[in-house]
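Heads up: the sequence shown runs through residues -24 to -1, 1 to 554, numbered per mature numbering (1 follows the signal peptide of the UniProt record, and there is no 0).
So the structure is just underneath, and the comments pick up after that.
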Amino acid sequence: MKLWLKGLALRALRSPWGVCGVHGQPPPPPAPEITATWEAINLGRQPVPEYFNFAHDVLDVWSQLEKAGHRPSNPAFWWVGGTGKEIKWSFEELGKQSRKAANVLESACGLQSGDRMMVVLPRLPEWWLVTVACMRAGLIMIPGISQLTEKDLKYRLQASRAKSIITSDALVPQVDAICHDCPSLQTKLLVSDNSHPGWMNFRELLQKASSEHNCVRTKSQDPLSIYFTSGTTGNPKMVEHSHSSYGLGFVASGRHWVALTESSIFWNTTDTGWVKAAWTFFSAWSNGSCVFVHELPRVDTKLILNTLSRFPITSLCCVPTLFRLLVQEDLTRYQFPSLRHCVTGGEALNPDVRERWKSQTGLELHEGYGQSETVVICANQKGMMIKTGSMGKAFPPYDVQIVDDQGNVLPPGEEGNVAVRIKPTRPFCFFHHYVDNPEKTAASEQGDFYITGDRAFMDKDGYFWFLGRSDDVINSSSYRIGPVEVESALAEHPAVLECAVVSSPDPIRGEVVKAFIVLTPAYSSHEPEALTRELQEHVKKTTAPYKYPRKVEFISELPKTVSGKIQRGKLRNQEWGR
Ligand SMILES: *[C@@H]1O[C@H](CO)[C@@H](O)[C@H](O)[C@H]1NC(C)=O
Ligand SMILES: *[C@@H]1O[C@H](CO)[C@@H](O)[C@H](O)[C@H]1NC(C)=O
Ligand SMILES: CC(=O)N[C@H]1CO[C@H](CO)[C@@H](O)[C@@H]1O
């Protein structure tokens, strides 16, 4: 029996029971005792162990706890397909399947610890298996969305020098078209019931693979994953996270923001390719919760609401734009008998959405904030007083401040950069660096802080108020206007289904506020000029008058990312003819 966890200094895990639960050994310590240690590490109260691997040190531990009856009979993973087919795995089954998957990656694909692998799959159970298998085999996983174009794929494969890619039918033609230009790519794995020449069939290989596998012994700081994150200029950057940053960085937020317990069933509707998809299972599985997934072939509000009422889902996370669509439905026609706790993040939550969700379901919406480079750094924790429109307070152990461009801390009420203190000690849950890009890494730091690139202010009670990405803030006659405030004001008007606010050129003021608005059906045939004036007056009354949109355009749909976030940059470029 390997005692890798020696370095963890965990009384619980250092017991002879260890992590392997050998027959005849004393019973494992109670689960909360073990998870409390993980939380203590997350909070910086205990040192990060030298070696850490989430598959081995968390999932396999839960497998043992489950066997010992220290966990309710919930599945660990519950998948519902578009046709209604269901898959449920216990931690033990997840362990077995992911060990087989690790053997496929090592034997059939010849991948070795430290190799990089691109994983581009829709919400199929294999995504979770391959993710865990990469940890077991020590492979560095590079997630991507299924909507990637040939150009995107080529850039990502070349920049990352990935040795293998696993994807589904949809992307086969694109990969085949560019793989000759990607010399590092040695194997292509397909998750499908069909076969394609030049591709290995993952499902067939998985069936035949052995379920015996020795987890690679990874150091806490070894790379776990690389995420491509797009800025507004230049090529996407590669954000590298380590085994401990993600594996131990979500314990506390899972407990206190998502309020998960071992009997929770947590559904996060966001796409797997979206960079932070893994957040969900790190927070859920570290507390022994169940990860619920619906294949959701398309965004369908009725399907989402039906799923919430049919399945015993206790905890829900959707992006704010999706909650905005859900509250347009008549929610009184549905009952969500198990739902207890709802969270949101990824973009700003407009106050009216929170109020409408709450009045119709009786449930609070807890907003959290973080980015691909970090973990959750601000949140409205369970039980905290929520101020409508604020993204909550700094989440422990992070020292989040508003700083100027030189890294000086600004007083409450002043707008500045959202920043996290990284000196003298860089929080271990932060990204390591931008791969192959030391200039970018250096540019993200100012003084003692990591600069997120978002603008906000903090009030005297320590609550943060998001204004927008730095590039999204509008500078009109030297007045600084955050798009989010204007959007939230507009959103309160019954004519507005969705909206996005960006800067638009103006000969006198340099820039002015422009609103792109999608109307609710009841208003879609209103006279546009009268409606524009009505909306402008509404904003002047709701927020400071200088923020009103001088330009308004009604459109049928807003540009969005696959994860449903509004792409203001696209609209802004269109305005400025870029
Ligand atoms: C839900 O998933 C999205 C992206 O996949 C992620 O950004 C978000 O943090 C997740 N939410 C939680 C509570 O884990
Ligand atoms: C805002 O625009 C004015 C000119 O209209 C300029 O002088 C000022 O530097 C700009 N401020 C910022 C923060 O870009
Ligand atoms: C098994 C376990 O550790 N459960 C914990 C999950 O998180 C809650 C807090 O949200 C703890 O109270 C439980 O002990």
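Cβ coordinates follow ideal geometry from the N, Cα and C atoms, glycine included.
Of the residues the options, the one placed nearest residue i, counting alpha carbons only
{"i": "V108", "options": "A520, L200, K184, L224", "result": "L200"}
{"i": "M176", "options": "S144, S89, I280, P327", "result": "S144"}
{"i": "E349", "options": "C318, T428, S446", "result": "T428"}
{"i": "Q512", "options": "S501, H502, E503, V528", "result": "V528"}
{"i": "P525", "options": "S500, E533, G553, C475", "result": "C475"}
{"i": "S366", "options": "I531, W104, E343", "result": "E343"}
{"i": "M111", "options": "T364, S420, E461, C191", "result": "C191"}
{"i": "R485", "options": "S220, S454, Y499, F30", "result": "S454"}
{"i": "G45", "options": "E15, A78, P4", "result": "P4"}
{"i": "E421", "options": "N50, N384, G389, I457", "result": "N384"}
{"i": "R193", "options": "A113, A491, P459", "result": "A113"}
{"i": "residue 557", "options": "V56, E68, T125", "result": "Absent from the model: residue 557. The displayed extent of the chain is -24 to 554, so no value can be given."}
{"i": "V24", "options": "G225, R554, I121", "result": "G225"}
{"i": "W233", "options": "Q197, L133, V351", "result": "V351"}
{"i": "residue 562", "options": "K517, A520, E503, E461", "result": "This structure gives no information on residue 562, because the portion of the chain shown stretches from -24 to 554."}
{"i": "F442", "options": "P481, G392, A467", "result": "G392"}
{"i": "V295", "options": "P288, Y522, N326", "result": "N326"}
{"i": "R548", "options": "V449, S160, P483, T519", "result": "V449"}
{"i": "V515", "options": "Q123, L466, F204", "result": "L466"}
{"i": "E505", "options": "F530, Y131, K517, V488", "result": "F530"}
{"i": "F258", "options": "Q382, I289, S220", "result": "S220"}
Closer than 7 Å: residue i CB and nearest ligand 1 heavy atom
{"i": "S259", "result": "yes"}
{"i": "G223", "result": "no"}
{"i": "V234", "result": "yes"}
{"i": "A253", "result": "yes"}
{"i": "N244", "result": "yes"}
{"i": "V96", "result": "no"}
{"i": "C293", "result": "yes"}
{"i": "G321", "result": "yes"}
{"i": "D247", "result": "yes"}
{"i": "T518", "result": "no"}
{"i": "T256", "result": "yes"}
Chain-order list of residues whose beta-carbon lies under 6 Å from that of residue i (same chain, five-residue window excluded)
{"i": "K127", "result": "none"}
{"i": "Q162", "result": "K139"}
{"i": "H317", "result": "A235, S291"}
{"i": "S187", "result": "K72, R75, K76"}
heavy atom of ligand 3 below 7 Å from residue i C-beta
{"i": "N50", "result": "no"}
{"i": "T237", "result": "yes"}
{"i": "P5", "result": "no"}
{"i": "N356", "result": "no"}
{"i": "R92", "result": "no"}
{"i": "G264", "result": "yes"}
{"i": "T11", "result": "yes"}
{"i": "R132", "result": "no"}
{"i": "R21", "result": "no"}
{"i": "P8", "result": "yes"}
Cutoff 8 Å; reference residue i; Cβ partners in own chain excluding five residues on either side
{"i": "G368", "result": "H342, E343, G344, Y345, C354, A355, N356, Q357, M360, I362, Y439, F440"}
{"i": "L279", "result": "H270, L272"}
{"i": "V303", "result": "V329, R332, W333, Q336"}
{"i": "L284", "result": "W243, L292, Y310, F312, L315"}
{"i": "I542", "result": "T297, E323, E474, A476, L534, P535, K536"}
{"i": "A471", "result": "I493, L495, T496, A498, Y499, H502, L507, E510, L511"}
{"i": "N413", "result": "K213, M214"}
Cβ pair residue i, residue j closer than 8 Å
{"i": "T364", "j": "R332", "result": "no"}
{"i": "I378", "j": "A432", "result": "yes"}
{"i": "F53", "j": "V267", "result": "yes"}
{"i": "F30", "j": "G223", "result": "yes"}
{"i": "Y410", "j": "M214", "result": "yes"}
{"i": "L182", "j": "V80", "result": "yes"}
{"i": "D430", "j": "V394", "result": "yes"}
{"i": "W261", "j": "V106", "result": "no"}
{"i": "S39", "j": "R92", "result": "no"}
{"i": "S11", "j": "N263", "result": "The sequence shown places Thr at residue 11, not Ser. Yes, the pair counts as a contact, with Cβ atoms nearer than the cut-off."}
{"i": "S240", "j": "H408", "result": "no"}
is_contact[residue i, chain C] using C-beta, thresh 8 Å
{"i": "A138", "result": "The structure shown contains no chain C, having only a single protein chain."}
Spatial neighbours of residue i in its chain, beta-carbon cut-off 7 Å, leaving aside the 5 residues before and after
{"i": "S66", "result": "E42, P51, A52"}
{"i": "K546", "result": "P535"}
{"i": "W552", "result": "P481"}
{"i": "R456", "result": "E391, V449"}
{"i": "A185", "result": "K76, N79, V80"}
At what residue ranges does the stretch 83 to 129 contain a whole run of the alpha helix (DSSP H), taking only runs of 4 or more?
-> 101 to 113
If you scan the stretch 152 to 207 from start to end, which runs of the beta strand (DSSP E) of 3 or more residues do you find wholly inside it?
-> 163 to 167, 199 to 205
Write down every uninterrupted run of the beta strand (DSSP E) in the stretch 203 to 280 whose length is 3 residues or greater and which is fully enclosed by it, in chain order.
-> 213 to 218, 241 to 244, 266 to 270
Identify every run of the alpha helix (DSSP H) within the stretch 414 to 440, keeping only runs that are complete inside it and at least 4 residues long; order them along the chain.
-> 414 to 419
Output the residue ranges of the beta strand (DSSP E) runs that lie fully inside the stretch 301 to 378 and measure 3 residues or longer, sorted by chain position.
-> 317 to 320, 341 to 346, 352 to 355
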